[in-house]
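Residue numbers (the working numbering), protein chains in the order written: chain A, 1 to 344; chain B, 1 to 344; chain C, 1 to 344; chain D, 1 to 344. Virtual Cβ for every residue (Gly too), placed ideally from N, Cα, C. Below is one structure, written out as structure tokens; comments come after it.
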């Protein structure tokens with residue numbers, strides 16, 4: 001397979017390079033950049049010396065069409081322009097940005113403050129939450145790869161909401177992310193001296209991943225919900241933890257929740273239901289495509305606390321994108337994604 | 001004033017030393033340790049060279065009685081033994097441990113797994129949440145200084161619960177703490193290589209501060225509640241953030257919440273109600289006795305998200321203890337506590 | 001005393017505010033900014049709410065002249081313009097930038113790439129390495145406050161070089177700094193995701209503090225030297241450690257080195273000679289004006305390793321500036337600088 | 001190949017598991033532990049759930065003999081007992097501990113404070129600095145895998161010393177390591193609250209890697225030297241940087257140094273000579289088996305500063321051990337070691 005990466009210099013792009021480098025079906029990777037065409041990739045990123053001593057290429061439609069699959073990891077708005085002309089024309093398209101995730105163009109316009117892509121292109125696309133949408137992903141040319149927060153949130157909540165074990169109308173979702181989720185552009189929120197040894201809350205009730213989570217719950221479990229969702233910035237580079245709270249439905253026990261999750265994900269190699277409570281943490285998935293889930297019922301309040309962790313740049317971005325590529329091309333879902341987490 | 005610190009080598013003790021060193025009414029500090037009597041304090045802690053080149057003293061009742069005030073920052077169970085004999089006998093007693101916080105001995109025994117102190121001593125003690133209990137603190141010889149989590153939780157929630165602006169029966173409290181809260185004993189949870197670049201959740205629904213929070217809400221707002229409370233370990237040394245969620249009562253707006261908080265704390269120099277949302281973070285109180293509070297209503301769900309931050313070893317421990325001493329001795333509440341936060 | 005701070009929004013300025021806030025001789029602080037005049041200081045820095053709810057002022061000569069002392073913490077080049085007109089006209093001037101540090105204008109032009117200040121102004125200024133230059137500092141209107149690296153380097157090496165105990169012609173200086181030394185402007189070198197969990201070397205042999213160190217050695221010990229000096233960026237916010245290496249002169253022992261240091265600094269309250277080797281670290285001076293020094297002789301190679309630590313924004317900037325102000329105004333050198341280090 | 005890992009729970013062991021998991025020639029991994037036999041490996045380390053849901057095995061000679069290769073990552077002293085009886089009896093033995101590294105038993109006894117292994121076993125062993133000792137490694141049954149500091153130090157210095165381009169008699173080596181080098185046993189030096197936001201110096205002139213470095217220089221370049229070597233603890237988990245200083249020999253230029261390094265390592269896939277100085281840092285090798293080297297001459301002092309970085313648990317331990325296994329078994333040196341560094 002010949003692969004192209006648009007936005008190779010961003011963190012999503014760099015992680016695609018890292019993971020695809022050892023993917024046995026990938027024979028060549030083209031690196032594209034609109035702003036840095038000609039720059040030697042390994043001069044810009046010395047960690048890729050000896051591996052990618054080649055220049056970034058200009059984005060040209062004719063070259064893109066010759067590829068088997070194109071990943072785009074770009075700011076919102078870019079694939080809205082680049083991808084529609086390629087539909088029906090060959091390469092599989094996997095978009096790590098938000099452009100094609102929201103089916104309702106008004107919702108997209110409201111939360112992203114940008115013009116939505118053409119409705120035909122949206123209709124053609126499949127939402128790439130792999131474990132919940134394999135059939136559509138297999139058939140679709142264009143995949144809207146999920147956001148990092150929605151991935152960890154939906155994977156942990158969907159089985160329980162779908163089976164009506166928890167009351168989805170009262171969902172509280174407390175999200176925590178490492179700083180790489182903010183991307184590679186330096187700014188106040190990512191300035192080391194003000195981020196290190198500090199914990200911030202940001203975009204309270206206002207994160208653009210809120211409608212994506214609500215759409216996902218509606219799409220896969222047929223529940224129409226409005227969630228309370230808040231995001232915190234953790235002084236670490238990688239990792240997301242989602243702590244969700246919901247009342248139990250009548251007669252539901254912790255065991256029911258665990259069994260529901262285990263059953264749903266019995267054939268999903270990247271989902272692990274962890275029942276020990278000793279130390280449940282983001283590092284147990286660091287650098288890997290795993291999503292680990294833990295649930296605990298509070299008998300005093302009859303509420304469930306549901307926790308999930310992912311590596312935001314792997315399962316929350318590049319890893320899931322490759323998992324989707326594997327599904328599209330009929331490969332084993334784990335191809336190129338067998339990295340063991342770096343616990344230390 | 002002659003001051004004694006029992007447990008001077010712990011993090012609470014070290015912070016008492018740091019803050020009391022510049023308290024203008026304190027003329028002498030005795031440092032006590034049961035296990036390290038005789039050790040030169042500045043040999044053990046080189047950051048105190050030239051300042052505390054003196055040995056740790058043995059704990060002896062006769063010496064303790066000659067002091068004006070004794071702070072204890074010890075593991076649960078120690079002051080249960082040491083403090084009762086000193087009641088009625090002179091020195092003011094300020095306990096940074098949990099021993100005297102819970103009024104109901106059965107609740108203490110259940111959550112702490114230890115024998116409670118004599119009920120007479122508990123009855124004599126005042127709960128040291130300064131802003132809510134100044135009169136009792138002034139009169140009491142023995143102060144049960146609040147836990148770090150309850151301090152930040154109660155200060156932010158009590159006004160809103162007391163004025164019936166939020167529905168306290170559905171309180172969700174998502175707590176996040178720096179690692180110094182775990183104290184100075186090395187262990188798995190505090191081992192750098194497994195704590196750095198990692199985010200953990202621990203003691204889900206099981207933290208011993210839960211009954212203290214519920215008792216505080218009951219004591220000061222007359223609401224009997226069971227809260228869902230979960231704690232996370234943040235890869236930083238100092239700082240606590242509490243993110244609480246509750247439905248609004250009818251016809252309550254964000255403005256009502258802000259005004260209620262501002263009014264309640266109009267004469268409390270350490271409480272700041274922050275209305276800008278740009279960056280609300282733990283570092284804005286770092287090294288200081290401030291508690292900053294921020295609220296935001298989610299109009300989509302009609303819930304409030306209430307956030308508060310403190311420095312866990314200052315307002316959450318040593319700082320509030322000194323604030324209570326100031327109240328006991330009729331000093332200005334801010335004496336010795338005018339440190340400006342270290343934002344960087 | 002009425003104090004003005006030019007460049008209050010930078011890290012040096014913020015630290016001046018933190019320390020001067022509790023200085024008993026300071027009755028008022030004016031905050032100046034050329035670029036953000038009118039901005040409410042505590043809106044920009046919420047950690048200063050309730051403390052500095054006042055706007056930044058425009059820099060105007062007439063206002064500056066009414067002050068007793070002016071601190072400037074600005075990029076190189078600014079005080080070259082602002083300070084000369086104020087010489088002979090009232091306020092004491094303390095420059096935390098590099099403009100007036102180098103006596104030779106050609107050297108300044110070469111290492112800073114900027115035009116040097118008027119030679120008359122340079123001649124009027126005193127180099128503010130307090131422990132070595134108190135008389136000149138007392139007399140001078142304008143103080144060139146030393147750089148952070150030169151402060152820690154010179155304090156540890158000068159006594160040994162001056163007494164000819166080490167061979168200054170072979171000095172190797174390996175410098176390590178926290179990230180706050182890079183200031184508050186976001187950029188690649190300070191972007192959290194690339195700085196956290198990372199150790200970098202930068203400006204090898206090319207740091208503009210090299211001529212300042214060489215000039216200081218020449219000025220105070222009469223040795224003309226060229227040093228090898230290299231800087232590393234440590235993933236922490238505050239703190240500098242200087243590890244220096246030099247051959248011993250004949251018949252010199254570790255004990256000689258220690259005694260030389262102790263004698264030289266017997267009356268310097270901020271210098272501590274630490275002889276225990278258990279854990280010598282930057283945190284033992286965190287947030288304080290101390291400079292701690294440790295020496296160790298390697299009997300196998302007959303070389304000395306000399307280590308010093310400071311808090312770069314205190315003794316390396318704002319703290320030493322205030323120490324110099326104290327000297328200028330005949331106050332006790334420690335006034336306003338009695339902060340105990342935050343070891344945790 | 002059937003592989004055994006003794007000391008699987010340590011950080012060296014965990015990293016062997018991470019890397020060997022994707023090594024195409026390894027069909028089975030046995031995990032041994034003397035102290036935790038029977039413990040489910042993935043219960044102890046949840047990051048290995050679904051991957052290593054199997055118990056730790058007891059160390060028994062008969063089972064060990066059936067393996068093709070045994071890695072030991074144990075405290076000094078353990079393989080001194082376990083390995084000698086296996087010599088001449090089948091499995092290749094790769095020791096990540098220090099037991100067999102020093103050829104002179106007196107030197108070992110002096111620096112390690114332990115009894116050395118039988119001299120016959122030492123004589124049989126090859127020092128596993130792969131790039132310098134491939135022939136001996138291929139032939140030897142027992143490999144003494146180098147220490148983390150010696151690996152990064154020797155790889156950068158050996159070519160320059162061997163070619164007499166720098167004066168090895170005046171070598172100063174300033175070493176900096178992340179905390180994982182201290183292993184997985186909690187203690188004061190690794191307690192998060194005292195290690196985070198802190199930089200320490202330790203074991204000045206006394207690290208047990210000093211004789212290993214001196215032996216390596218002697219062995220491969222025929223120079224007998226005594227080096228000044230000092231170690232610093234950096235507040236990060238992984239990574240080592242070695243900054244070495246030495247005078248140039250006459251008429252040697254920076255270009256000579258670079259060419260010498262490039263020529264020596266022209267056929268070594270894991271060594272990269274980096275000439276750009278923008279940002280040379282540990283993260284450019286994070287999680288990979290690379291050793292990156294950078295040199296810069298200071299024309300003012302005629303000294304060279306030589307810098308090298310490795311991931312201490314990969315090239316400094318488990319990665320180099322696997323590289324040695326590849327050499328022993330005639331595989332391509334990079335088999336299983338093609339991980340791309342995690343720059344973020």
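Could you give the C-beta distance for residue i and residue j, rounded to a whole number, given that I count them as a contact under 8 Å?
{"i": "residue 245 of chain C", "j": "residue 143 of chain D", "result": "Not quite, the Cβ-Cβ distance comes to about 34 Å (not below 8 Å), so this is no contact."}
{"i": "residue 328 of chain B", "j": "residue 137 of chain B", "result": "6 Å"}
{"i": "residue 264 of chain A", "j": "residue 159 of chain A", "result": "4 Å"}
{"i": "residue 156 of chain A", "j": "residue 306 of chain A", "result": "5 Å"}
{"i": "residue 42 of chain C", "j": "residue 51 of chain C", "result": "7 Å"}
{"i": "residue 228 of chain A", "j": "residue 243 of chain B", "result": "Incorrect: roughly 10 Å between the Cβ atoms, too far for contact."}
{"i": "residue 145 of chain D", "j": "residue 324 of chain D", "result": "6 Å"}
Taking C-alpha atoms, which residue in the options lies nearest to residue i?
{"i": "residue 179 of chain B", "options": "B/11, B/57, B/262 and B/153", "result": "B/11"}
{"i": "residue 154 of chain A", "options": "A/122, A/97 and A/215", "result": "A/215"}
{"i": "residue 4 of chain A", "options": "A/241, A/66, A/280 and A/35", "result": "A/66"}
{"i": "residue 340 of chain B", "options": "C/1, C/315 and C/22", "result": "C/22"}
{"i": "residue 207 of chain B", "options": "B/315, B/310 and B/150", "result": "B/150"}
{"i": "residue 54 of chain D", "options": "D/8, D/91, D/96 and D/198", "result": "D/8"}
{"i": "residue 15 of chain C", "options": "C/274, C/343, C/183 and C/240", "result": "C/183"}
{"i": "residue 275 of chain C", "options": "C/93, C/103, C/286 and C/256", "result": "C/256"}
{"i": "residue 232 of chain C", "options": "C/262, C/218, C/217 and C/200", "result": "C/200"}
Could you check what DSSP says for residue i in three-state terms: helix, strand or coil?
{"i": "residue 138 of chain B", "result": "helix"}
{"i": "residue 209 of chain D", "result": "helix"}
{"i": "residue 96 of chain C", "result": "coil"}
{"i": "residue 274 of chain C", "result": "coil"}
{"i": "residue 167 of chain A", "result": "coil"}
{"i": "residue 252 of chain C", "result": "coil"}
{"i": "residue 299 of chain B", "result": "coil"}
{"i": "residue 258 of chain B", "result": "helix"}
Interface residues of chain D around residue i at Cβ under 8 Å?
{"i": "residue 239 of chain C", "result": "197, 198 and 199"}
{"i": "residue 260 of chain C", "result": "The premise fails here: residue 260 of chain C is roughly 19 Å from chain D at the closest Cβ pair, so nothing lies under 8 Å."}
Can you pull the chain B neighbours of residue i, defined as C-beta to C-beta under 9 Å?
{"i": "residue 18 of chain D", "result": "Ordered by position in chain B, no residue passes the 9 Å Cβ test against residue 18 of chain D, which lies about 14 Å from the chain."}
{"i": "residue 180 of chain D", "result": "192 and 193"}
Going along chain A, which residues have a C-beta under 8 Å from residue i?
{"i": "residue 299 of chain C", "result": "Within 8 Å Cβ-Cβ: nothing; residue 299 of chain C doesn't reach chain A, min ~36 Å."}
Taking residue i as the query, report the chain D residues whose CB atoms sit under 7 Å from its CB, ordered along the chain.
{"i": "residue 303 of chain C", "result": "228"}
{"i": "residue 341 of chain A", "result": "47"}
Give the residues of chain B in contact with residue i, contact being defined as C-beta atoms less than 8 Å apart.
{"i": "residue 43 of chain D", "result": "What residue 43 of chain D touches in chain B: nothing, since even the nearest Cβ is about 14 Å away."}
Residue i touches chain A at which residues, Cβ-Cβ below 7 Å?
{"i": "residue 281 of chain B", "result": "198, 199 and 200"}
In chain A, which residues lie with their C-beta within 9 Å of the C-beta of residue i?
{"i": "residue 344 of chain B", "result": "193 and 194"}
Strictly below 8 Å CB to CB, what residues from chain C border residue i?
{"i": "residue 274 of chain B", "result": "46 and 49"}
Going along the chain, which residues of the region 130-141 of chain C sit with their C-beta nearer than 7 Å to a C-beta in chain B?
-> none
Just by C-beta distance, which residues in the region 217-250 of chain D are closer than 9 Å to chain C?
-> 226, 227, 228, 229, 230, 232, 233, 234, 235, 236, 237, 238, 239, 240, 241, 243, 245 and 247
Mind listing which residues of the region 152-178 of chain B have their C-beta closer than 7 Å to chain A's C-betas, in chain order?
-> 172, 174 and 176
Select from the region 310-323 of chain A all residues with a C-beta closer than 8 Å to any C-beta belonging to chain B, and list them in chain order.
-> none
Using Cβ-Cβ distances below 8 Å, what residues of the region 183-195 of chain D are close to chain C?
-> 188, 189, 193 and 194
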